[in-house]
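Enquirer:
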Amino acid sequence: MTERLPNFVAGRWQAGSGAGTPLFDPVLGDELVRVDATGLALPAAFAFAREQGGAALRALTYAQRAALLAAVGQVLQAHRDEYFAIALANSGTVKNDSAVDIDGGLFTLGHYARLGAALGERRFLLDGEAARLGKDPLFQSQHVQLPTQGLALFINAFNFPSWGLWEKAAPALLSGVPVVVKPATATAWLTQRMVKDVVDAGVLPAGALSIVCGSSAGLLDALQPQDVLSFTGSAETAALIRSHRCVAQHSVRVNIEADSLNSALLLQGEAPGSAAFELLVKEVVREMTVKSGQKCTAIRRVFVPAALYAPAAEAIAARLAKTTVGNPRNETVRMGALVNRAQFDAVREGLALLRTQADVLHDGATPTLVDADPAVACCTGPTLLGAKDADAAGRIHDTEVFGPVATLLPYRDAAHALALVRRGQGSLVASLYGSDAGALAAAALELASSHGRVHVISPDVAALHTGHGNVMPQSLHGGPGRAGGGEELGGLRALNFYHRRSAVQASTAVLAALAG
Ligand code: NAP
198 MTERLPNFVA
208 GRWQAGSGAG
218 TPLFDPVLGD
228 ELVRVDATGL
238 ALPAAFAFAR
248 EQGGAALRAL
258 TYAQRAALLA
268 AVGQVLQAHR
278 DEYFAIALAN
288 SGTVKNDSAV
298 DIDGGLFTLG
308 HYARLGAALG
318 ERRFLLDGEA
328 ARLGKDPLFQ
338 SQHVQLPTQG
348 LALFINAFNF
358 PSWGLWEKAA
368 PALLSGVPVV
378 VKPATATAWL
388 TQRMVKDVVD
398 AGVLPAGALS
408 IVCGSSAGLL
418 DALQPQDVLS
428 FTGSAETAAL
438 IRSHRCVAQH
448 SVRVNIEADS
458 LNSALLLQGE
468 APGSAAFELL
478 VKEVVREMTV
488 KSGQKCTAIR
498 RVFVPAALYA
508 PAAEAIAARL
518 AKTTVGNPRN
528 ETVRMGALVN
538 RAQFDAVREG
548 LALLRTQADV
558 LHDGATPTLV
568 DADPAVACCT
578 GPTLLGAKDA
588 DAAGRIHDTE
598 VFGPVATLLP
608 YRDAAHALAL
618 VRRGQGSLVA
628 SLYGSDAGAL
638 AAAALELASS
648 HGRVHVISPD
658 VAALHTGHGN
668 VMPQSLHGGP
678 GRAGGGEELG
688 GLRALNFYHR
698 RSAVQASTAV
708 LAALAG
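Residues in the sequence shown are numbered consecutively from 198, following our numbering.
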């Protein structure tokens, strides 16, 4: 049997008492390690995190906690090569795709270390100015933000075992809130190794960072009123979490990042082969193939003016045809595997469902694999679908196939395009392509209320833009409705989730003393 990864809770490494769940190499099929959380005393583990980790973190200032983030970043940087090796084995990703996760996590940590340093030697945040409560200015109300005195539980998705931890942990730890992470089982190894390296380096106070690998059983039952829960994963699991007894009873603050039918929209007035047209084509192909389309932000629906449907189909398909798929250990391979057999089967099923309402414009379902056995490797090529009647293709607007799949959809006019985009019922991101600044701005504002982020690409930013699917810590990540209704990142806005706002009503002398 392979090694069973221990959990780190209550300040010590603890093995589960079960046989464990195996993690596999999705390309070679080998069993890699096992995870198991059976029998952990979770209420006691959570109490330790709250009492020891929370107290120690809250005793520090923002600048001191920012220094902790920088130290964590240094530890991780020193082991970066090992993380790439784990991602290659367990996620089956090529180096560039692993970097999105690993370096993305490091970058986000570094960003919050810098933001936190600028917050200085404070232990709470003033929220706005004091406001007088009556005619006499002596009695006023000052809002303050204090770190919540609970813990932050993260339940994460399989596709970002590194970034998924650090993009949440950076603002939580900076806020002074201890973290318990439960990574998705399929790829828990990388998260576990990163936590192990940080724990071994001794850079964080006891109780500040804990990890539970394996089943989620009992985690939500151990939550208390001051805890917060940040979930990333499917809409189905999100619904279970929202309705969990403890979450409801204790009003546990919950952030949900769920699935999303993200769009790319080429505005009217762009000729085939124009700069804006080419930018759309390039970005669609990139989004379909990076991490084999296993990104919550990936483009799923591509909208073009009806007259450009055929040229767009041809241009995207021509680029997709160049994608080499197979064993990421071979340097000629551009796209590795899906994470496991279950995801491979789910992509197949989802594709079959979408095909009932769409044509296949580029068929990547059975590619010739490089250095990989198709009977074993969970590899599939990119598939572009097309639905000429975008209004009638209801499934395209509500079925997320979590793999290298996107659908091209034609629209009549601007109003039609915006209405079709909104059929995603709230998404993480929409990207717009065009060269008319006024039209782009108008479309961006029309879509902003139903999207966490609107990524606008005009030819002047062709070489500068950060990518449709790349989540930058400076910008909000999350989306309304279908996307879960969550908000993450967005610079210091991320700290709101981990703080409690309170209004202190007092004399100006007391408020002056409070503000220091
Ligand atoms: P998932 O099956 O919903 O699992 C997500 C996490 O929830 C895993 O850690 C899973 O643990 C855990 N879980 C499962 N059942 C649970 C329960 N009853 N109670 C508590 N936790 C439970 O999602 P996934 O397949 O890992 O991820 C793919 C999905 O995530 C896609 O739909 C994608 O769009 C979405 N996603 C969204 C974002 C975003 O930021 N919006 C980012 C990445 C992915 P186990 O692994 O042990 O089952």
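Glycine included, C-beta positions come from ideal geometry on N, C-alpha and C.
Helix, strand or coil: which one does DSSP assign to N667?
Expert: Coil.
Enquirer: So if DSSP puts D556 in a beta bridge, which residue, or which two residues, is it bridged to?
Expert: D556 is bridged to G583.
Enquirer: Using C-beta distances below 6 Å, list every residue in its chain close to A385, excluding the 5 sequence neighbours before and after it, in chain order.
Expert: Excluding positions up to five away in sequence, the list reads V232 and C410.
Enquirer: Rounded to whole angstroms, how far is the Cβ of G361 from the Cβ of T429, which I believe are closer than 8 Å?
Expert: That pair is a contact at about 6 Å.
Enquirer: If the criterion is Cβ atoms closer than 8 Å, does the pair N204 and L229 meet it?
Expert: No, the pair does not count as a contact, with Cβ atoms beyond the cut-off.
Enquirer: Run through the stretch 432–471 for me and flag every whole alpha helix (DSSP H) of 4 or more residues, listed as ranges in chain order.
Expert: Runs of the alpha helix (DSSP H) inside the stretch 432–471: 432–439 and 442–446.
Enquirer: So, using beta-carbon positions, are V425 and V449 closer together than 8 Å?
Expert: Closer than 8 Å, so yes.
Enquirer: For the alpha helix (DSSP H) containing E528, name the first residue and the last one.
Expert: From DSSP, E528 is part of no alpha helix (DSSP H); its letter is neither H nor E.
Enquirer: Less than 8 Å between the beta carbons of T388 and P358, yes or no?
Expert: Cβ distance < 8 Å, so T388 and P358 count as in contact.
Enquirer: Measuring only from the beta carbon, is E484 closer than 7 Å to any heavy atom that is part of the ligand NAP?
Expert: For the ligand NAP, not one heavy atom lies less than 7 Å from the Cβ of E484.
Enquirer: Would you say L273 and L312 are within 8 Å of each other, going by their C-beta atoms?
Expert: Going by C-beta atoms, L273 is not nearer than 8 Å to L312.
Enquirer: Decide if L390 is buried, meaning its Cβ has at least 16 other Cβ atoms within 10 Å, or exposed.
Expert: For the sequence presented, residue 390 should be read as Arg rather than Leu. By the neighbour-count rule (16 or more Cβ atoms within 10 Å), R390 is buried.
Enquirer: Have a look at Q465 and A634 and give me their C-alpha separation to the nearest angstrom.
Expert: When rounded, the distance between both Cα atoms is 12 Å.
Enquirer: Flag this pair as touching only if the stretch 494–509 and the stretch 460–475 have three or more C-beta atom pairs under 8 Å; answer yes or no.
Expert: Contact between the stretch 494–509 and the stretch 460–475 is present, because at least three Cβ pairs lie under 8 Å.
Enquirer: Taking its Cβ as the centre, do 16 or more other Cβ atoms sit within 10 Å of K379, making it buried, or is it exposed?
Expert: That one is buried.
Enquirer: Is L437 near the ligand NAP, in the sense that its beta carbon is under 7 Å from a heavy atom of that ligand?
Expert: Flag set: Cβ of L437 near the ligand NAP.
Enquirer: Whole angstroms is fine: what's the gap from A414's alpha carbon to A234's?
Expert: Those two C-alpha atoms are separated by around 9 Å.
Enquirer: Nearest-angstrom Cα distance between T663 and L708?
Expert: Each residue's alpha carbon lies about 43 Å from the other.
Enquirer: What do you get for D657, buried or exposed, if any count of 16 or more other CB atoms within 10 angstroms of its CB means buried?
Expert: Burial call: exposed.
Enquirer: Among the residues of its own chain, which have a CB less than 8 Å from the CB of V567, if the five just before and after it don't count?
Expert: So the qualifying residues of the chain are T521, V522, G523, N524, N527, T529 and V530.
Enquirer: Is there at least one non-hydrogen atom of the ligand NAP closer than 7 Å to the beta-carbon of F599?
Expert: Yes.
Enquirer: Near E202, which residues of its chain fall below 6 Å by C-beta distance, leaving aside the five closest residues on each side in sequence?
Expert: One detail in the question is off: residue 202 reads as Leu in this sequence, not Glu. If we look at L202 and ignore the five residues flanking it on each side, its Cβ neighbours are V230, V232, Q389 and C410.
Enquirer: Would you list the residues sitting across from F336 in a DSSP beta bridge?
Expert: S704.
Enquirer: Does any heavy atom of the ligand NAP sit closer than 7 Å to the C-beta of T521?
Expert: Not under cutoff, so the answer is no.
Enquirer: Please classify M532: is it buried, with 16 or more other beta-carbons within 10 angstroms of its beta-carbon, or exposed?
Expert: Label assigned to M532: buried.
Enquirer: Report all residues from its chain with a CB closer than 7 Å to the CB of D177; omit the five preceding and five following residues, and keep chain order.
Expert: Since the first residue of the chain shown is 198 and the last is 713, residue 177 is not available in this structure.
Enquirer: Does at least one heavy atom of the ligand NAP sit under 7 Å from the Cβ of T429?
Expert: Under cutoff, so the answer is yes.
Enquirer: Unbroken alpha helix (DSSP H) runs of length 4 or more, entirely within the stretch 292–341: which are they?
Expert: Here the runs fully enclosed are 292–316.
Enquirer: Would DSSP call K492 helix, strand or coil?
Expert: Coil.
Enquirer: For the beta strand (DSSP E) containing P571, name the first residue and the last one.
Expert: Unbroken run through P571: none, as it is neither H nor E.
Enquirer: In whole angstroms, what is the alpha-carbon distance linking R439 and T565?
Expert: Cα to Cα, the separation comes out at about 43 Å.
Enquirer: Would the C-beta of G301 count as close to the ligand NAP, meaning under 7 Å from any of its heavy atoms?
Expert: False, no ligand heavy atom lies under 7 Å from that Cβ.
Enquirer: S460 and R498 - do their beta-carbons sit closer together than 8 Å?
Expert: Taking 8 Å as the Cβ cut-off, R498 and S460 qualify as a contacting pair.
Enquirer: Heavy atom of the ligand COA less than 7 Å from the Cβ of D418, yes or no?
Expert: Among the ligands present in this structure, namely the ligand NAP, the ligand COA is not found.
Enquirer: Which same chain residues end up closer than 8 Å to A241 when comparing Cβ atoms and leaving out the 5 residues on each side of it in sequence?
Expert: Excluding positions up to five away in sequence, the list reads A207.
Enquirer: S372 lies in the alpha helix (DSSP H); which residues open and close that run?
Expert: Start and end: W360 to S372.
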